[in-house]
Amino acid sequence: MIALGIEGTAWSLSIGVVDEEDVIVLENDPYIPKEGGIHPREASQHHSERLPSLLSRVFEKVDKSSIDVVAFSQGPGMGPCLRVVATAARLLAVKLKKPLVGVNHCLAHVEVGRWKTEAKNPVSLYVSGGNSQVIARRGNRYRVFGETLDIGIGNALDKLARHMGLKHPGGPKIEELAKKGKDYYLLPYVVKGMDFSFSGMVTAAQRLYDSGVAREDVAFSFQETAFAMLTEVTERALAYLDLDEVLLVGGVAANKRLQEMLKIMCGDRGAKFYVPPRELAGDNGAMIAYTGLLMYKHGYQTPIEKSYVRPDFRIEDVEVNWD
Ligand code: AMP
Ligand code: MG
Numbered sequence: 000m001i002a003l004g005i006e007g008t009a010w011s012l013s014i015g016v017v018d019e020e021d022v023i024v025l026e027n028d029p030y031i032p033k034e035g036g037i038h039p040r041e042a043s044q045h046h047s048e049r050l051p052s053l054l055s056r057v058f059e060k061v062d063k064s065s066i067d068v069v070a071f072s073q074g075p076g077m078g079p080c081l082r083v084v085a086t087a088a089r090l091l092a093v094k095l096k097k098p099l100v101g102v103n104h105c106l107a108h109v110e111v112g113r114w115k116t117e118a119k120n121p122v123s124l125y126v127s128g129g130n131s132q133v134i135a136r137r138g139n140r141y142r143v144f145g146e147t148l149d150i151g152i153g154n155a156l157d158k159l160a161r162h163m164g165l166k167h168p169g170g171p172k173i174e175e176l177a178k179k180g181k182d183y184y185l186l187p188y189v190v191k192g193m194d195f196s197f198s199g200m201v202t203a204a205q206r207l208y209d210s211g212v213a214r215e216d217v218a219f220s221f222q223e224t225a226f227a228m229l230t231e232v233t234e235r236a237l238a239y240l241d242l243d244e245v246l247l248v249g250g251v252a253a254n255k256r257l258q259e260m261l262k263i264m265c266g267d268r269g270a271k272f273y274v275p276p277r278e279l280a281g282d283n284g285a286m287i288a289y290t291g292l293l294m295y296k297h298g299y300q301t302p303i304e305k306s307y308v309r310p311d312f313r314i315e316d317v318e319v320n321w322d
């Protein structure tokens with residue numbers, strides 16, 4: 000069975016085609032803001048302008064008639080972006096006379112991670128621009144055991160980078176600067192129960208920079224503090240749920256220092272640590288295609304009248320009836 004999936008919840012416009020074994024095609028045409036952060040209307044205009052040519056590129060590589068299921072990212076995400084993707088997916092499903100499956104974006108990150116690593120029942124740390132959550136399966140739902148109370152870690156890194164004159168996306172640039180950092184400056188370490196918060200520490204780090212601290216040291220101090228918070232909550236979820244696997248997913252999963260901290264924590268606890276290949280860890284169409292395929296095989300379909308976008312779609316809202 001073959002599924003096509005369209006991802007477009009925010010900056011990433013991506014179409015993947017997968018079968019049960021592997022990714023067959025993955026084509027990307029991301030929106031990159033000229034200045035500032037992601038503007039929802041500009042991003043959605045980008046998506047609507049580029050979707051037709053991206054689809055053509057995909058259909059040069061796979062035969063249209065081989066597609067069995069059309070999947071799309073139904074939420075969470077930016078409303079205007081979601082609407083473009085949902086409209087394209089509906090049209091494609093009707094035209095190809097194939098079933099449509101609306102996919103939860105967070106679920107797709109976790110499922111593609113389980114598919115492409117050895118992780119079976121992990122605590123997932125999902126860290127991206129808009130989201131930061133600690134997720135694990137309990138019975139027939141994925142549950143969020145801890146999450147950010149304000150902005151996602153990726154967004155926090157991007158904001159700090161922008162303040163220091165670096166272009167979007169800032170995460171990779173902060174990582175490079177942090178490697179050269181020497182001095183650690185104290186920043187607010189905000190963990191409340193199982194939740195965490197980043198916006199106060201962004202402000203504090205911006206002030207450090209304004210007071211003349213070198214960018215390298217600001218970046219280093221920020222990463223050390225924020226990633227320690229994420230590692231602490233992930234460790235607590237492991238202990239509380241008595242699990243022994245950690246899966247790191249989302250765009251920020253590319254960060255080597257975050258990977259290292261989690262690896263050390265897992266080593267100390269005798270847990271295994273997994274991170275999917277980079278092109279499948281960040282937002283991508285293959286994760287939507289794969290999760291759509293999985294859901295379809297387990298009886299899910301989204302009728303057109305229920306294919307409305309869900310900007311606040313939570314992972315807990317999906318009943319999971321597969322292993
Ligand atoms: P996503 O929304 O999952 O696609 O992730 C996008 C976010 O990942 C952006 O905020 C990027 O700045 C961030 N990101 C990408 N690469 C890295 C990296 N190496 N270190 C930290 N953040 C990163
Ligand atoms: Mg994401």
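Residue numbers (numbering that gives the first Met the number 0): 0 to 322. For each residue, glycine too, the CB sits at the ideal point set by N, CA and C.
The alpha carbon of L257 has as its nearest neighbour, out of E6, T230, L242, L90, the alpha carbon of T230. If you look at N154, you'll find it in the alpha helix (DSSP H) that goes 152 to 162. Excluding five sequence positions before and after V111, the CB atoms of its chain that fall closer than 6 Å to its own CB belong to L279, M286, Y289, given in chain order. N120 counts as exposed, since fewer than 16 other beta carbons sit within 10 angstroms of its beta carbon. Membership of Y208 in the alpha helix (DSSP H) is indicated by the continuous run 198 to 209. In this structure, the CA atom of P75 is about 14 Å from the CA atom of Y125. Judged by their CB atoms, S220 and L185 are nearer to each other than the 9 Å cut-off. Distances from the CB of S127 to the heavy atoms of ligand 1 include at least one below 8 Å. A residue is called buried when at least 16 other Cβ atoms come within 10 angstroms of its Cβ; D194 meets this threshold and is buried. In this structure, C105 has its CB closer than 8 Å to one or more heavy atoms of ligand 2.
Residue burial is scored here from C-beta neighbours: K172 has at least 16 other C-beta atoms within 10 angstroms and is therefore classed as buried.
With at least 16 other beta carbons inside 10 angstroms of its own, K158 counts as buried. Every unbroken stretch of the beta strand (DSSP E) spanning 3 or more residues and falling wholly within the region 65 to 95 is given here in chain order: 68 to 74.
Linking E234 to T147 through their CA atoms gives a straight-line distance of about 16 Å. Sequence-distant partners of P276 (beyond 5 residues in either direction) whose C-beta falls short of 7 Å from its own C-beta, in its chain, are K115.
Contact between the region 232 to 252 and the region 200 to 212 is absent: fewer than 3 CB-CB pairs across the two stretches fall below 8 Å.
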